[in-house]
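Residue numbers (my numbering), protein chains in the order written: chain A, 1 to 202; chain B, 1001 to 1162.
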């Protein structure tokens, strides 16, 4: 019995090492882990705290990345449009504030107030959530269904500079597909973004 | 007389070469710069994606300047692909390049359909900048995060050379 437990722990450890160093993260179809992170209102928050949802728009973003700033208004719009349909935005800032003081918890509160964020803006202080999800850059969107199954990973649309010039609306299309009971297509896109400012590991 | 014309020509050609070095090629479509990632090459080609407003990108640029001096006598070429937006070409990119000398060829890519071309650079690229791609007869090497020192960059170039 005890031996089994040790083996189990060992396997778990291997899994942890694998996920944190190989950076596999989530793929479409995987079930995303829930988390408990501090929101800008000071309260700890989990996805399970949000009632009556059909899914979640989890977006890794930050205050300081020019790509994130470009998408800020579009993230606000997405929440206004999709939260009433049961797809609320949950924004997570994964940047290490030591490397990027503009992404500190205090600065997050200021930014959210200035821009009038009406969705949670969570501080991933340990970066464990970004690692578990496999986020690499900001902004980086994970669209989950109500069972936290990943349905779409990638960009919001195909023009970071100006939404008026975009002609692919990946996130909106993915939500429309889910609402119609279909699989999003594409379910994975790439976009330029700012590297997440990881903590120094040693 | 002939001699002074010759000297004049020399000066002109000199400044012409200099002007060429400063030139920034603006590309609306990725296809216009796709030749940079052709694998059939006989030298080492260091290609860096950056932007004037990307802090970690700008911080590592001096390392490339150092590398161009360190590897000056070897078959190493440099190209920089700025991801500054079209409306920043005149206002940000050109003034930056006037103030900060970068080695090799300068490109400004305006192709906003990122998802359509990121995999053409490398399927291993998430899309985060900065990124450095080193092309050599041995193939393609990626540095997917910024360099902490010039030595890190030198090491990768040296690895591609031998």
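Beta carbons: idealized from backbone N, C-alpha and C, even for Gly.
field: Interface residues of chain A facing residue 1048 of chain B [CB-CB closer than 9 Å]
entry: Per Cβ cutoff of 9 Å: no residues; residue 1048 of chain B is ~14 Å from chain A at best.
message: For residue 1060 of chain B and residue 189 of chain A, what's the separation of their Cα atoms in angstroms?
response: Spanning the two alpha carbons is a distance of roughly 28 Å.
- prompt: Which of the three DSSP states, helix, strand or coil, is assigned to residue 98 of chain A?
  reply: coil
task: Taking residue 41 of chain A as the query, report the chain B residues whose CB atoms sit under 7 Å from its CB, ordered along the chain.
output: Near residue 41 of chain A there are no residues of chain B at all, since even the closest Cβ is about 29 Å away, more than 7 Å.
field: Cutoff 7 Å; reference residue 1033 of chain B; Cβ partners in own chain excluding five residues on either side
entry: 1027, 1081, 1107 and 1109
task: Report yes or no: do the stretch 145-152 of chain A and the stretch 1138-1150 of chain B share at least 3 C-beta pairs separated by less than 8 Å?
output: no
field: Start-to-end residues for the beta strand (DSSP E) that takes in residue 196 of chain A
entry: No beta strand (DSSP E) holds residue 196 of chain A; DSSP gives it neither H nor E.
- prompt: beta strand (DSSP E) containing residue 1135 of chain B: first to last residue?
  reply: 1131-1136
- request: Take the Cβ of residue 31 of chain A as the centre, count every other Cβ of all protein chains shown within 10 Å, and call the residue buried at 16 or more, exposed below.
  value: exposed
message: For a contact defined as C-beta to C-beta under 7 Å, what are the partners of residue 136 of chain A on chain B?
response: Near residue 136 of chain A (Cβ distances below 7 Å), the residues of chain B are 1126 and 1128.
- prompt: So what does DSSP say about residue 121 of chain A, is it helix, strand or coil?
  reply: DSSP places residue 121 of chain A within a strand segment (E or B) once states are collapsed to three.
query: In chain order, what residues of the same chain have a beta carbon less than 6 Å from the beta carbon of residue 1147 of chain B, not counting five sequence neighbours either side?
result: 1060, 1063 and 1153
task: Check the DSSP bridge columns for residue 1108 of chain B and list the partner residues they point to.
output: B/1026 and B/1082
query: Residues in its own chain within less than 6 Å of residue 39 of chain A by CB, not counting five upstream and five downstream?
result: 45, 120 and 122
Own chain partners of residue 26 of chain A with C-beta closer than 6 Å, once the 5 adjacent residues on each side are dropped: 32, 133, 134 and 150
Beta-carbon proximity check, residue 92 of chain A vs residue 124 of chain A, cutoff 8 Å: yes
Residue environment, residue 59 of chain A, which counts as buried when at least 16 other CB atoms sit within 10 Å: buried
query: Would you say residue 190 of chain A reaches chain B, if we count a Cβ-Cβ gap shorter than 8 Å as a contact?
result: yes
- request: Report the three-state DSSP secondary structure of residue 110 of chain A (helix, strand or coil).
  value: helix
query: How about residue 1114 of chain B: is its C-beta nearer than 8 Å to some C-beta of chain A?
result: With 8 Å as the cut-off, residue 1114 of chain B counts as an interface residue toward chain A.
- request: Kindly confirm or deny that the stretch 62-69 of chain A and the stretch 162-174 of chain A touch, where touching means at least three C-beta pairs closer than 8 Å.
  value: no
Residues of the stretch 1071-1094 of chain B with Cβ closer than 8 Å to any Cβ of chain A, in chain order: Here the close residues are 1083, 1085, 1086 and 1087.
- request: Measuring only between beta-carbons, confirm whether residue 1041 of chain B sits less than 8 Å from chain A.
  value: no
task: With DSSP collapsed to three states, give me the class of residue 186 of chain A.
output: Correct three-state label for residue 186 of chain A: coil.
message: Give me the residue from A/80, A/128 and A/55 with the minimum Cα distance to residue 94 of chain A.
response: A/128
- prompt: Under the rule that 16 or more other beta-carbon atoms within 10 Å means buried, what is residue 1162 of chain B, buried or exposed?
  reply: exposed
message: Please report whether the beta-carbon of residue 158 of chain A lies at a distance below 8 Å from any beta-carbon of chain B.
response: yes
Top-ranked residue by Cα proximity to residue 1039 of chain B, from B/1087, B/1138 and B/1078: B/1138
field: Run of the beta strand (DSSP E) containing residue 89 of chain A, from where it starts to where it stops
entry: 89-93
Within chain A, the residues that residue 1103 of chain B reaches when beta carbons sit closer than 9 Å: Correct list: empty, because the minimum Cβ distance to chain A is about 23 Å.
- request: Measuring only between beta-carbons, confirm whether residue 1120 of chain B sits less than 8 Å from chain A.
  value: no
- prompt: Could one say the Cβ of residue 1056 of chain B lies closer than 8 Å to chain A's Cβ atoms, at least one of them?
  reply: yes
- prompt: Taking the Cβ atom as the reference point for each residue, do residue 52 of chain A and residue 86 of chain A lie within a distance shorter than 8 Å?
  reply: Yes, Cβ-Cβ distance for residue 52 of chain A and residue 86 of chain A is below 8 Å.
query: For a contact meaning CB atoms closer than 8 Å, what does residue 1145 of chain B contact in chain A?
result: 195
message: Please return the same chain residues whose Cβ sits closer than 6 Å to the Cβ of residue 138 of chain A, not counting the five positions on each side in sequence.
response: 60, 61, 62, 65, 68, 193 and 194
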